[in-house]
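Position one of the sequence shown corresponds to residue 229 (the working numbering), numbered consecutively onward.
Note that beta-carbon positions come from the ideal geometry of N, C-alpha and C, so glycine has one too.
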Amino acid sequence: MGPEPYEYGESALNFPISWRTRPETDADTSAIHAINRAAFERADEADLVDALRADSAWMDGLSIVSTLPDDTPVGYALLTRCHVDTTPALCLGPCAVLPEYQKSGAGAAAIRAGLDAAEQLGEAFVIVLGHPTYYPRFGFGKASEYGIGLSIEVPDEALMALTLDPARSLPNGTVRYAAPFGID
């Protein structure tokens with residue numbers, strides 16, 4: 229039993245108004261690989277997801293697909309364990325949607341379902357390295373404003389953080405990603 233379908237709202241692209249979301253199953257592995265490969269037009273992110281499945285950072289129930297009514301996955305969001313210095317947090321990404329379903333709400337549905345699942349697991353902090361105009365809609369803010377950084381150079385506005393528990397302040401420090409990310 230996965231998260232309830234996320235109601236995205238009306239789509240200007242004539243797609244279903246409601247995307248069903250659920251945790252991935254073993255049967256979804258090749259579809260998730262194809263979604264990431266198509267969305268990013270290269271294999272890097274697809275291969276990263278495959279490597280993360282074998283890593284200790286993988287957390288069951290936090291690899292989310294959004295599906296068509298026939299249960300075909302078209303969108304994807306992944307949350308894995310990372311740390312801000314020594315404080316456990318989650319890393320959001322990769323997030324991807326098949327090109328023909330982009331801008332339909334499929335990606336947002338998978339992300340929201342993933343964040344909801346993380347909150348239900350008692351997780352408090354999420355980090356994302358991504359488009360600074362997209363992720364704030366989910367509550368992410370610039371990580372540097374909380375004293376959070378990376379060991380590599382990235383645009384300041386691209387590293388964002390979110391607390392899932394308003395009673396807990398974001399920790400400060402350096403984000404330590406799982407080894408498959410290749411960021412020391």
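- For Thr315, DSSP records a beta bridge to Val312.
- Beta-bridge partners of Lys370 (DSSP): Met388.
- The three-state secondary structure of Val277, taken from DSSP, is helix.
- Here the alpha carbon of Leu276 sits roughly 22 Å from the alpha carbon of Pro383.
- A straight line joining the alpha-carbon of Ala371 with that of Glu347 spans about 19 Å.
- Per the coordinates, the alpha-carbon of Tyr304 lies some 20 Å from the alpha-carbon of Ser284.
- Straight across, the Cα-Cα distance linking Val325 with Asp313 is about 31 Å.
- Within a 10 Å sphere around the beta-carbon of Pro327 sit fewer than 16 other beta-carbons, which makes this residue exposed.
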